[in-house]
Structures are given as C-alpha cells and as structure tokens.
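See structure below.
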Amino acid sequence: MAFRKRNVGISKTIGDASVQSAQRKTLDIAPKGSRPSPVDGRLTTSTGTPSLDGLLAGHVGLALGTSVLIEESGTADSAGALLRYYAAEGIVQGHRVHVIGVAEHWARDLPGVVGAAVENEEEAAEKKREHERMKIAWRYEKLGQFEGQARSHVERSPATAAVGDSIKEAEPFCHIFDLTKRLDVPTASSSLQFLQPSTDPFSSPFDAILQTLSKELAASNQSTLHRLVIPSILSPASYPPHAAEPRHLLQFFHAVRGLLRQYPAKLTVLVTLPLELYPRSSSLIRWAELLSDGVLELTPFPHQTDDGLGQTGAATAYEERPQGMFKIHKLPIFHERGGGGGGLKGLVDDFAYTISRRRFAIKPFSLPPAEGDKDAQQGCKWSGTSCEYTNASVMPDPRLDRVLHLNLFVATLVEGRSKVPSICSAICRIEIFSRHSGYPRTNSVTEARGKHKVSYSNQPSILFEGLARTYQRIAPMEGQVSMQAPTRHSFCIKAELVHMIRGNRGAPIPKVVGRCQGRKPSAATQHMCQS
Amino acid sequence: MNQRASNLLDEALGLVDDGSKAWPLSGRVVLVEDSVETSAAFVLHHLVKCALSPHSSNVVVFLALSQPFSHYDRVFRKLGCNLGAQSENNRFFFLDMLMSEFPDGDEGGLVALYGKIEKVVSSLLQENKKCITIVVDDLSLMEAAANGSSNYVLDFLHYCHTLTSAFGCTLVALNHEDIYLGMERPALILQLEYLADILMKAEPLATGLATDVHGQLTVLNRGMWDGQGSSRNRICNFHFRVKENGVEYFSPGSRA
Numbered sequence: 001m002a003f004r005k006r007n008v009g010i011s012k013t014i015g016d017a018s019v020q021s022a023q024r025k026t027l028d029i030a031p032k033g034s035r036p037s038p039v040d041g042r043l044t045t046s047t048g049t050p051s052l053d054g055l056l057a058g059h060v061g062l063a064l065g066t067s068v069l070i071e072e073s074g075t076a077d078s079a080g081a082l083l084r085y086y087a088a089e090g091i092v093q094g095h096r097v098h099v100i101g102v103a104e105h106w107a108r109d110l111p112g113v114v115g116a117a118v119e120n121e122e123e124a125a126e127k128k129r130e131h132e133r134m135k136i137a138w139r140y141e142k143l144g145q146f147e148g149q150a151r152s153h154v155e156r157s158p159a160t161a162a163v164g165d166s167i168k169e170a171e172p173f174c175h176i177f178d179l180t181k182r183l184d185v186p187t188a189s190s191s192l193q194f195l196q197p198s199t200d201p202f203s204s205p206f207d208a209i210l211q212t213l214s215k216e217l218a219a220s221n222q223s224t225l226h227r228l229v230i231p232s233i234l235s236p237a238s239y240p241p242h243a244a245e246p247r248h249l250l251q252f253f254h255a256v257r258g259l260l261r262q263y264p265a266k267l268t269v270l271v272t273l274p275l276e277l278y279p280r281s282s283s284l285i286r287w288a289e290l291l292s293d294g295v296l297e298l299t300p301f302p303h304q305t306d307d308g309l310g311q312t313g314a315a316t317a318y319e320e321r322p323q324g325m326f327k328i329h330k331l332p333i334f335h336e337r338g339g340g341g342g343g344l345k346g347l348v349d350d351f352a353y354t355i356s357r358r359r360f361a362i363k364p365f366s367l368p369p370a371e372g373d374k375d376a377q378q379g380c381k382w383s384g385t386s387c388e389y390t391n392a393s394v395m396p397d398p399r400l401d402r403v404l405h406l407n408l409f410v411a412t413l414v415e416g417r418s419k420v421p422s423i424c425s426a427i428c429r430i431e432i433f434s435r436h437s438g439y440p441r442t443n444s445v446t447e448a449r450g451k452h453k454v455s456y457s458n459q460p461s462i463l464f465e466g467l468a469r470t471y472q473r474i475a476p477m478e479g480q481v482s483m484q485a486p487t488r489h490s491f492c493i494k495a496e497l498v499h500m501i502r503g504n505r506g507a508p509i510p511k512v513v514g515r516c517q518g519r520k521p522s523a524a525t526q527h528m529c530q531s
Numbered sequence: 001m002n003q004r005a006s007n008l009l010d011e012a013l014g015l016v017d018d019g020s021k022a023w024p025l026s027g028r029v030v031l032v033e034d035s036v037e038t039s040a041a042f043v044l045h046h047l048v049k050c051a052l053s054p055h056s057s058n059v060v061v062f063l064a065l066s067q068p069f070s071h072y073d074r075v076f077r078k079l080g081c082n083l084g085a086q087s088e089n090n091r092f093f094f095l096d097m098l099m100s101e102f103p104d105g106d107e108g109g110l111v112a113l114y115g116k117i118e119k120v121v122s123s124l125l126q127e128n129k130k131c132i133t134i135v136v137d138d139l140s141l142m143e144a145a146a147n148g149s150s151n152y153v154l155d156f157l158h159y160c161h162t163l164t165s166a167f168g169c170t171l172v173a174l175n176h177e178d179i180y181l182g183m184e185r186p187a188l189i190l191q192l193e194y195l196a197d198i199l200m201k202a203e204p205l206a207t208g209l210a211t212d213v214h215g216q217l218t219v220l221n222r223g224m225w226d227g228q229g230s231s232r233n234r235i236c237n238f239h240f241r242v243k244e245n246g247v248e249y250f251s252p253g254s255r256a
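Protein chains in written order, with the UniProt record's numbering: chain A, 1 to 531; chain B, 1 to 256.
Set out below in structure tokens:
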C-alpha cells in the first residue's frame, strides 16, 4: 500500500481490512480539512501550527466546536503569527474564514504555502520506527508520527502561484507555511470575510458581527467548516473603548460559546488578547478565559542586550533561541471533566516558543549545560552586593535512585587590570526544596565558603569547587543559589546536581541531572550596565 | 449489593450509603467553586450520579448553561449512568439554557425560568417524590447571560432557596472564584458563600503542577448533626485525580 489516504492513518494499526474500508466510508463524510481525533474520535481540524496541534491534549488538532484564547504579554505580536497560520490553513483547506476587527490588508500578510505535511512520504521512516518502537501506547506513537511529519517535510517548489495546485491527491491535514511568502487568496472566492465592530456608543460593538455570523452558520451546509479569527481583541486600534465593558465583551463571548454549542461540527474560534492593557489578574479576563474552551499564554523573554556574549545555553539545543515561554492554562475537551494540569504526558514541562520563517515551534524548555568557561547570563538579577540565580527546573527524574550530590563551582574573574592582588571570598547559599505534590516541603540550605588570593589574570581563579552536599531523594526538586560577594570582584558560579550511576566498568560515573549557573559582574561593569 | 464503596468525598458530604438514611442533602444548599486551572465539574457529576443511583428515589432537575445535553450524556455514560433512560423514567429533567439570554432591564427571563422549575417541582411533589435536587451548571454564565446584573441572579437564587426550605429540595450550584478577583465587593459570590450549607472549593495545588494529582478539594460542611445532636462545622481537605471514568480521592501526601 504505497499510497495511503490521510483519513485512514489511524486505522492502519488496527490492521483489519474490513475495518479499514468501513472507516473509510464513514470518514469520507467528514468535512474537508478535518479528521477524527485519535483519543475519542471527534472531528478535529488543524490550527496551522503542527507543534500546537500536538499540544492539544492528544487530539492532534483543534476539536470542532471549541474556542481557544491566546493571551500575550508584551508588545510583540507573536500570537499574531499563530493566527496567520490558522487563517492561512483555513483558506488553503477551503474553509470559510471570518476575521474581525482588521481591515482587508491583513490578508496580504498571510503566509504562503510551501509544502505539506505529507503522510505517504513517511512510509519508510515509519517502518523503521515500528522496529524501534518501545512500550509506548500506540496512540501516542501516532501522535509522534503526526508531529514528525511536519519536521521532516518534503519541500516542493511552489511551481504555480495558485494555492490550489500545491495540494495533491492525498489532502494533508496541516500545511507548512512560510512567513516571508505571501498567500494568494483568490479574490473571487468567498473564503475570507472581514467584519468590523461598530462604533455606535449606544449599542454593543459586537451585535452586528454576531448577527452576520449566526446567519452564515445557519445558511451554510454540512461540509463547510468555519473559522473565526479575532486578532488582538479589545485593542484600542480597532475597538471602541466601551467594548471592554463586561456587558458587551462577556455577552459576545457568551454568544460565541452559544454558537459553538449550537453548531458543534462547524465552527472553531481563535482569539488573541494583548495582556498589557487587561492583565490576567483582572476579573474581566478571567471571565473571558472561563468562557473559552482553551487558554494559552505567551510570555516573551526580555530582550538581552549582550548578544555578543555568545548564545545562552538554550540555543545549543535548538536552531534559534526560544523567544518566550508558552504556558497552557486550559485545554479544550481535556478540562471539561476537571482534568488538571499535569495529567497529560509532557504537560508538566515548561514550554518555550520560537518563531522562525517557517514555523512556530513550541518545545519543552529546560536549561541545558553550559559549555566550558563561557559565562552565560541566565535570569540574573542583582541588588547591591549579592545576586540571585533561580533555576527554573532542576528536576531529576523521580525514578532515579535516591542519592543526589550537589557540586558547586565558584570562580572569580578579575576584570580589567587590578594592580593589587587581593583576597576575595564568597559565601554561597544553596537552597533545595521540593515542590512536588504531597511531599513535605523540605528546605535545606547549604553554605559554601571560599577564600582565595587573586592576582590579575585573565583566567578565572577557582574559589571553591567540590561536593557541597549529599541529598536523599527529594524528587522532583528545585534549587536556588544565591551568593554574596564583595563588589569589586566578579564571580561566576555553577551548581550541578549530580547522580552517580554505575558505569560500564563498574566505576561510578556522575550524571548531571540539573544545572544552575550565573554570573555576577563586578561593581565597575555593574555601573555601566545599569546606566 | 447494598454497600457502595464510599470515598473521601462521600464521607465529607455525609453521603455514606447504608440504605437506611434519607437523602442527607435534602434542604441544603451546596456551592461548588473552582477556577480556570482546576475545574470542579466532576463534583457536579458525582452528586448527580449519587442522586440518580438506583437505591435512592431522587429526581434531578438540571439547568445547563455551559454545555449541551450531548456533553453530559457522554460524560455520564462513562460514569455508568444513562441519562436518556433516566429522563424517560422522569428522574432527570434537563433544562437547556445555552442560547437563552436575559437582557438588561428585563427580569422576566429569570422569573420565567424560576416558574418552570417551580412547576416541575410541584408536579413532582404531587406524585409524592420527596427528594428533588436542582443543579445549576455555572452560575457565572447565568450572570453573563443576564448582562452582568447580579441582582437578578441573586433574586433567582433566593427564589430557589425558598424551594429548599419549603419543600426540602437540594440546590447545587457551580461558580468560579477567580472571576471576582478584581471587584471590591463581589456581591454574588459573597452572598452565595453565606447562603451555602456545604461549600466545596477546588483549587490547584499550592506547590504547582503535578502529574498524578490534579488538584485539591476542600469541603466545608456546616451544621453537621452527629449522633449526640450537636452541630459543628467540619472541614475536610483532600487531593483528587480525574480519570476517564471516575475520580480518585486520597489524602494529601499519600500518593507515592
């Protein structure tokens, strides 16, 4: 079977020919651009971003009849990229896309199609994967397959300008878009519709929009899917100020929710919200979150001025540096029964997102090792003479055995030319505590002191290195290292949680399970930085 | 099979089933609170399932504002309860309020709703059914539908409260605590908490996300009459984990 249709991708592992044909019959009725979810079979459609599809609670796609609210702090519009992929995916699949609050020129920013996440190219790779398949539940295996397709896609040259030609017979679920190319929306088609909120101060700005939407949904047939795209809701550029009153905004969300429930197989909604004006602590936003099925939050990292210092450690793992943290507060379908945060595999990790030309990638975020002597700046904040480093996750695998050691490395670097050799000392406090559920909070503090005579040299002189402490199993745990040191020296500090595992030859090998590092500059450079 | 294995939630609510006691929740108001991160819908499902169990002769009137009937049907089927059959036996009444709106300045909508409920209740009483449970899924959506006029919603709740005191019904309502964060005096939630006999709060863990525990549930049971005839407040706190067809409750820290 060299050619496999997309909608029997799940039935392959069932392996029964009769079941396959039966499924093919029922799935042919599914509207274009949707497919049943591997978890419970409800119809899902792609959000245009494969990594986001993979995060949606195992359904590998946004379930029809649900809405997702994406909040973003900061002024960069990374969530806008997600929306653009979503709209472009809708246009390419032939769905009817309604965009609210922006003018027609928004359509010119839609990314062009580069290739498609094709399944029949993956036959050989999949066979290989089957052989090295471990004891993963078969559904999760399929999940990896869906995700893997987008990464190893086959790039086809967009030979013709028209979008429709790049779709071959096996209609793919999710396409690859390129943000630098432009999507050719056939002007005569009615797939894209722009609706504006009204500025009449006496009525709700959303009333006309809702009426148009409900008319369209009532009039459309079964196989057309609709997508509702709302970029930057409540932004003062497009919405009148009274749109933020609860009675208008919440009424709108409530009505959209009603439409979603009334036409459960026709509509999906993606909304972005800038958090700068309406922070998450306000009850209005909490209410909007309540009325949406899924809530995601993007938090961009603060811009780091010293890019010349080399990449931060995270960049060694990815192609580009992650641009922000991606947090999941609520997922459609999964939370409707009360499923909490950590229930799904992989959801306990922190996620970070990266926007590149080709894609919006969401990957688990962790602090990887630093290389050699490079002093990386990681979440450092200093006040006076001490500085603190907090490590986001020193989380050893709870299956690891019980004893963990803490290695500490403190070095001082003399900057510039200091004529007088000096004695410097540092006190380093390490605090390890457990945040795991049900475990008692253990707070253990270790102090390490070092003293060293420093003469001017460009090499770091090591103040303290060694085994600071041994811990019994407290898993998973977090560490926090803070250091006090005189101002005229700059220090770099590295702490590692090490687990000794038995090596091949019987000798124990240290395996690092968590790291934390940072740097405190001397007063001279500190002054420069602050000014 | 008279004994049903009781879990921590049932003990906290006093719902231990030994076949002899009357429905212990009759005449009481139960308020369930949750937040965006942790949803307490499972508590409602559990209570409805207890009410619809074959041992008792309860009737459930369900006001659904957040999900259509198909959703509840699916959920309860996994829990082992057939809503369609129950509604045919006149044990389950479903009032679908998804698309209803109660526009500003017109209290008529909510009053009419109360009228419907009262009709159902009185017709049931005539058939000599004693224990009626009224479940409201999501009071905050009622408030949103009423355009934010919490006064009307409070009036509606007070009407329903008269049903509990006069006819011995049980009122169960779900609300969310984090949407009232910004207000100085969130009248609705404060009055509800004051009115409630049993207050249940579902929160995420204080220590953050965890793989095997989804949240913690605190049950405050006011006026529990124990054997000696005195009443006292009783607070229970335990952790829960939501599975496909049920919920597990366990004491904090007992999950290895």
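Positions of the beta carbon are idealized from the N, C-alpha and C atoms, including for glycine.
Looking at the DSSP output, A64 (chain B) sits in a beta bridge with B:D96, B:D137.
Look at the region 249-266 of chain A: the residues with a C-beta under 7 Å from a C-beta of chain B are L250, Q251, H254, G258, R261, Q262. Going by C-alpha positions, I70 (chain A) is about 13 Å away from P300 (chain A). Nearest CB-CB separation between H176 (chain B) and chain A: below the 7 Å threshold.
Judged by DSSP in its simplified three-state form, I179 (chain B) adopts helix.
With a threshold of 7 Å between beta carbons, V36 (chain B) makes contact with chain A. Within the region 280-307 of chain A, the residues whose Cβ lies closer than 8 Å to any Cβ of chain B are, in chain order, S281, S282, S283, L284, R286, W287, E289, L290, L291, V295. Excluding residues up to 5 positions away in sequence, T164, S165, G168, C169, T170 lie with their Cβ nearer than 8 Å to the Cβ of G27 (chain B) in the same chain. One finds V36, E37, S39 in chain B with Cβ atoms closer than 9 Å to the Cβ of K330 (chain A), taken in chain order. Apart from the 5 residues on each side of it in sequence, Q93 (chain A) sits with its Cβ closer than 7 Å to the Cβ of K32, G33 in its chain, given in chain order.
Looking at the DSSP output, D178 (chain A) shares a beta bridge with A:G112. Sixteen is the threshold: since fewer than 16 other Cβ atoms of the shown chains lie within 10 Å of the Cβ of Y194 (chain B), the residue is exposed. If you draw a 10 Å sphere on the C-beta of R357 (chain A), you find fewer than 16 other C-beta atoms in it, and that means exposed. Under the three-state reduction of DSSP output, G48 (chain A) falls in the coil class, being neither helix nor strand. At least one CB atom of chain A sits nearer than 7 Å to the CB of N147 (chain B). Per the DSSP secondary-structure output, L296 (chain A) pairs in a beta bridge with A:I70, A:I328. Boundaries of the alpha helix (DSSP H) around S283 (chain A): 283-291. Around I179 (chain B), the beta-carbon contacts reaching into chain A at under 8 Å are S283, R286, W287, L290. Here the C-alpha atom of V242 (chain B) lies approximately 7 Å from the C-alpha atom of H214 (chain B). Chain-order list of chain A residues neighbouring L141 (chain B): H254, R257, L290, L291, by C-beta distance under 9 Å. Taking all protein chains shown into account, F202 (chain A) has fewer than 16 neighbouring C-beta atoms within 10 Å of its C-beta and is therefore exposed. In the three-state DSSP reduction, H59 (chain A) falls in the coil class, being neither helix nor strand.
Comparing alpha-carbon positions, the option among A:H59, A:S235, A:H226, A:S282 lying closest to M183 (chain B) turns out to be A:S282. L98 (chain B) has a beta carbon lying within less than 7 Å of a beta carbon in chain A.
A76 (chain A) and N58 (chain B) have their C-alpha atoms spaced approximately 55 Å apart. No residue range can be given for S198 (chain A), since it is assigned to no alpha helix (DSSP H) and is classified by DSSP as neither H nor E.
Taking R182 (chain A) as reference, the option from A:P111, A:I362, A:L83 with the minimal CA-CA separation is A:P111. Nearest in C-alpha terms to V36 (chain B), of all of A:Q196, A:P302, A:A288, A:F360, is A:A288. Going by DSSP, A361 (chain A) is part of the beta strand (DSSP E) stretching over 360-365. If you check each beta-carbon in the region 195-207 of chain B against every beta-carbon of chain A, the ones closer than 8 Å belong to A202, P204, L205, T207. In the three-state DSSP reduction, G215 (chain B) falls in the strand class (E or B). Excluding residues up to 5 positions away in sequence, S34, R42, L43, T44, T45, L225, P264, A265, K266, L267, T268 lie with their Cβ nearer than 8 Å to the Cβ of L64 (chain A) in the same chain. With a beta-carbon spacing of about 23 Å, L124 (chain B) and L174 (chain B) fall beyond the 8 Å limit used to define contacts. Ranked by Cα distance from K130 (chain B), the options B:V120, B:L157, B:D137 are led by B:V120. Judged by DSSP in its simplified three-state form, N233 (chain B) adopts strand.
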